[in-house]
Amino acid sequence: MQTRQSNFNEIVMQAIFFLSALISVLAVLAICLFLFMRGIPAISEIGFTDFIFNEKWGPVNIPASYGILSMIVGSIYVTAGAIVIGVPIGLMCAIFLSEFCPDNIYKIVKPAVNLLAGIPSIIYGFFGMQVIVPFVRENFGGNGYSILSASIILGIMILPTIISISESSIRAVPESYAEGSYGIGATKEETVFKVMVPAAKSGILTSIILGIGRAIGETMAVVMVAGNAVMPLNKIELLKPIRTLTTNIVTEMSYASGLHESALISTGVVLFVFIIILNASLSLISSKTQRN
Amino acid sequence: MKKSKLLSIITLALMLSMVFAGCTQETPGTPAADFDFDKDITVVARDAASGTRGAFHEIMNIIVKENDTEVDKLVVGALEFDGTDKVITAIEGDKYGIGYISLGSVSERIKAVAVDGVEPTVENVRSGSYSVSRPFLLVTKGTESKLVKDFLKFTESAEGQAITNEMKFIGAIDAPEEYTASGMSGTIKVAGSTSVAPLMEKLQEAYNELNPDVTFETQAQGSSQGIKAAIDGSYDIGMASRELKAEEASELNRYVLAIDGIAVIVNNENPKSDLAADDITNIYIGEITKWNEVK
């Protein structure tokens with residue numbers, strides 16, 4: 036009797052755990068299904084080349100045009116800008132935190148970084164609109180709503196991702212590496228930059244890719260500082276406004292109807308493909324490290 | 003450990019307050035004193051499917067219709083925002099900006115200019131001399147409950163129209179009737195235009211005072227969303243700040259709630275207070291790019 040009871044419990048609990056695991060898989064599948072079912076017909080109706088390789092976006096024109104090339108390029112530029120700004124700062128911060136930081140400073144910097152990660156993106160956007168945009172306007176020119184402003188905001192937003200993951204991967208490098216380095220007479224700086232950081236390479240790369248994922252998917256903050264203008268490719272400039280894939284969806288989604296709405300969902304499909312590529316390269320990196 | 007946490011929070015708060023103090027110090031300035039007419043105009047528009055944009059671009063001939071085609075000629079590089087509040091914030095922060103918002107949303111944060119010498123006032127919109135105006139509509143599917151009908155009757159009553167006029171919109175009913183409270187209860191779901199939403203909120207408050215048992219659920223995400231929600235029945239009333247398209251009109255009952263002027267707005271430091279309609283159009287299609295080219 037006793038064993039039958041516990042057997043039964045075990046089966047029930049197993050089912051519950053399995054169901055929990057299933058739910059996340061189901062959620063991904065449902066999102067995929069929704070995106071592709073709504074998005075693919077629209078892409079085929081617009082025409083694949085007319086959608087991906089056309090820079091003219093005019094959903095309310097008659098005849099309408101639904102080209103998102105400008106936004107694909109916009110997303111890539113803004114993300115690249117974020118990486119240029121965020122990675123050096125984040126990486127140096129991570130090296131400082133893991134190798135050089137005195138305890139009392141660590142106790143201030145680490146919670147501040149964690150707090151940075153918890154700030155909602157709408158706050159970043161508000162901060163960007165009130166502080167970064169006027170700053171760019173006054174110091175660099177243009178009207179401030181620009182690729183540069185969006186890159187700065189995103190550069191700040193990806194800092195926590197890069198700092199935390201890089202820091203822990205540098206910390207995870209075995210102590211014997213450092214001891215060996217000191218043993219052959221290397222200084223602290225040489226040890227950190229020539230032994231510890233290279234040894235933590237895959238973790239640092241992972242942090243950068245996660246940062247890219249965060250930057251390319253960010254919406255609320257970007258929509259408030261990028262200006263959202265659809266620029267023809269030859270007019271895209273660092274200090275000119277830009278529209279990204281995400282801001283295209285968020286600015287027009289609530290108002291759109293018909294093919295316009297479907298085209299916005301298709302924009303989401305393209306974004307999704309970007310994320311899949313990023314995740315694939317992420318698992319490529321981790322499988323490579325495991326082989327090593 | 004606790005002490006250091008507290009310390010870090012205080013440091014952060016100090017840093018933040020310094021940032022914000024920094025930006026408040028920059029804002030004041032004497033009007034016109036340092037306005038550089040050689041600077042590029044920052045053109046601010048709404049997103050492609052907003053009712054305000056549809057109406058404004060059509061009235062100002064920014065949308066060019068030729069035979070069967072219709073092209074929005076908005077200048078390349080114009081900023082596009084998905085809400086009145088963001089347009090106001092953008093113009094407030096940019097000395098050389100120009101934008102457009104519903105007349106009822108005009109505040110002292112920005113300056114509404116006269117168009118062709120006509121001030122954007124309630125009287126001028128009602129008399130028709132201020133040319134940039136559009137209807138505010140409430141739409142229903144025609145299968146609405148008694149409660150929804152009663153609320154619609156309230157919006158068209160003398161009380162409702164008084165609130166409409168108070169909000170700087172122009173009541174569309176010539177001889178409104180008095181409203182008597184019905185004492186009904188229930189929920190009314192309203193969705194649609196962000197331009198109509200502030201007026202809707204005031205109307206709901208006043209209606210609630212007379213009928214305390216009624217609750218409202220309001221979502222403001224734009225005219226098209228409101229119209230869509232009314233057609234598919236997910237909301238009782240849709241708010242629209244543009245005329246209905248033919249295929250929408252065939253499925254909906256249409257109530258004109260008010261007439262709204264669209265104000266052309268500039269930064270408070272901009273010395274211009276009167277723009278020619280042609281110049282506004284030329285700014286929006288990119289023929290004029292600097293303030294010194296404006297008459």
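In the order they appear, the protein sequences are chains A and B. Residue 41 in this note's numbering sits at position 6 of the first sequence; the count goes up by one each step and never skips. Residue 53 in this note's numbering sits at position 51 of the second sequence; the count goes up by one each step and never skips. The beta-carbon is built from N, C-alpha and C at its ideal position, and this holds for glycine as well. In this text, all values refer to a predicted model and were calculated from it rather than measured experimentally.
Listed by chain order, chain A residues near residue i by CB distance under 9 Å
i: F83 (chain B); result: V258, M259, G262, N263, T286
i: V73 (chain B); result: G93, N96, I97
i: K305 (chain B); result: As displayed, chain B neither begins before 3 nor continues past 297, which places residue 305 (chain B) out of reach and without an answer.
Alpha helix (DSSP H) segment containing residue i, residue limits
i: V171 (chain A); result: 168 to 175
i: P123 (chain A); result: 104 to 130
i: E272 (chain A); result: Per DSSP, E272 (chain A) belongs to no alpha helix (DSSP H) and is neither H nor E.
i: N272 (chain B); result: Run containing N272 (chain B): none; DSSP gives neither H nor E here.
i: K67 (chain B); result: Premise fails: K67 (chain B) lies in the beta strand (DSSP E), 65 to 68, not in any alpha helix (DSSP H).
i: M288 (chain A); result: Counting along the chain, M288 (chain A) falls outside any alpha helix (DSSP H), and DSSP gives it neither H nor E.
i: Q165 (chain A); result: No alpha helix (DSSP H) contains Q165 (chain A), which DSSP labels as neither H nor E.
i: L205 (chain B); result: 199 to 212
i: G190 (chain A); result: 182 to 192
i: V127 (chain B); result: 124 to 129
i: L81 (chain B); result: First-last for L81 (chain B): 81 to 83, but that is the beta strand (DSSP E), not the alpha helix (DSSP H).
For residue j and residue i, believed in contact at Cβ under 8 Å, the rounded distance
i: N210 (chain B); j: M186 (chain B); result: No, N210 (chain B) and M186 (chain B) are not in contact; Cβ-Cβ is about 12 Å, not under 8 Å.
i: V258 (chain B); j: L277 (chain B); result: Their Cβ separation, rounded to whole angstroms, is 28 Å, which puts V258 (chain B) and L277 (chain B) out of contact at 8 Å.
i: F37 (chain B); j: N272 (chain B); result: 6 Å
i: P200 (chain B); j: G106 (chain B); result: 6 Å
i: I247 (chain A); j: L150 (chain A); result: Going by Cβ atoms, the distance from I247 (chain A) to L150 (chain A) rounds to 23 Å, so no, they are not a contact pair.
i: S135 (chain B); j: D262 (chain B); result: 6 Å
i: A260 (chain B); j: F171 (chain B); result: 4 Å
i: A261 (chain A); j: V113 (chain A); result: 7 Å
i: G167 (chain A); j: S156 (chain A); result: For the sequence presented, residue 167 (chain A) should be read as Ile rather than Gly. The pair is not a contact, with the Cβ atoms about 14 Å apart (cut-off 8 Å).
i: A80 (chain B); j: V45 (chain B); result: 4 Å
Own chain residues within Cβ distance below 7 Å of residue i, not counting five before or after
i: K191 (chain B); result: E219, Y237, D238
i: S242 (chain A); result: T196, I197, I200, S201
i: V47 (chain A); result: none
i: E289 (chain B); result: none
i: E72 (chain B); result: I65
i: K204 (chain B); result: I165, M169
i: S133 (chain A); result: E202, I205, R206
i: Q227 (chain B); result: A193, G194
i: F307 (chain A); result: L70
i: G85 (chain B); result: T196
i: D40 (chain B); result: K292, N294
i: I187 (chain A); result: I120, I167
i: I124 (chain A); result: L194
i: F43 (chain A); result: none
Proximal residues to residue i (C-beta, below 6 Å), its chain only, five neighbours per side dropped
i: V120 (chain B); result: N126, S131, Y132
i: P94 (chain A); result: H295
i: G190 (chain A); result: A117, I120, G121
i: I61 (chain B); result: V134
i: G74 (chain A); result: I300, S301, V304
i: N300 (chain B); result: Not covered by the structure: residue 300 (chain B). The range shown for chain B is 3 to 297.
i: N284 (chain B); result: I290
Partners in chain A for residue i, counting only beta-carbon separations shorter than 7 Å
i: T91 (chain B); result: M164
Contact list for residue i against chain B, beta-carbon separation under 8 Å
i: N178 (chain A); result: D42, T44, L81, D96, Y98, G99
i: K275 (chain A); result: G79
i: I323 (chain A); result: The question names Ile, but residue 323 (chain A) in the sequence shown is Lys. Under the 8 Å cutoff, chain B gives no residues; its nearest Cβ is about 38 Å from K323 (chain A).
i: K270 (chain A); result: V78, G79
Cβ shell of residue i (< 8 Å), same chain only, five flanking positions each side left out
i: S41 (chain A); result: none
i: A99 (chain A); result: G93, L294, H295
i: C25 (chain B); result: Its pLDDT being 47, under 50, C25 (chain B) is placed unreliably in this model, and the coordinates cannot settle the point.
i: S55 (chain A); result: none
Amino acids of chain B, ordered along the chain, whose beta-carbon sits closer than 9 Å to that of residue i
i: V168 (chain A); result: A92, G95, D96
i: M266 (chain A); result: V78, G79
Element boundaries [beta strand (DSSP E), containing residue i]
i: S135 (chain B); result: 135 to 142
i: I103 (chain B); result: 99 to 104
i: I190 (chain B); result: 188 to 194
i: M241 (chain B); result: 239 to 242
Chain-ordered chain B contacts of residue i [CB-CB under 7 Å]
i: P155 (chain A); result: Correct list: empty, because the minimum Cβ distance to chain B is about 15 Å.
Any non-hydrogen atom of the ligand HEM within 6 Å of residue i CB
i: G263 (chain B); result: Absence of the ligand HEM is noted for the structure shown, with no ligands found whatsoever.
Practice task
Taking a Cβ distance cut-off of 7 Å, strictly less, list which residues of the segment 191 to 207 of chain A are near chain B, in chain order.
Solution key: none
Handout entry: Where the segment 221 to 232 of chain A meets chain B: residues whose CB sits under 9 Å from a CB there
Key = none
Problem - Residues of the segment 229 to 252 of chain B whose Cβ lies closer than 7 Å to any Cβ of chain A, in chain order - result: K230
Exercise for the section: Scan the segment 55 to 71 of chain B for residues whose Cβ lies nearer than 9 Å to a Cβ of chain A and list them as they occur along the chain. Expected result: R55, G56, H59, I65, K67, D70, T71
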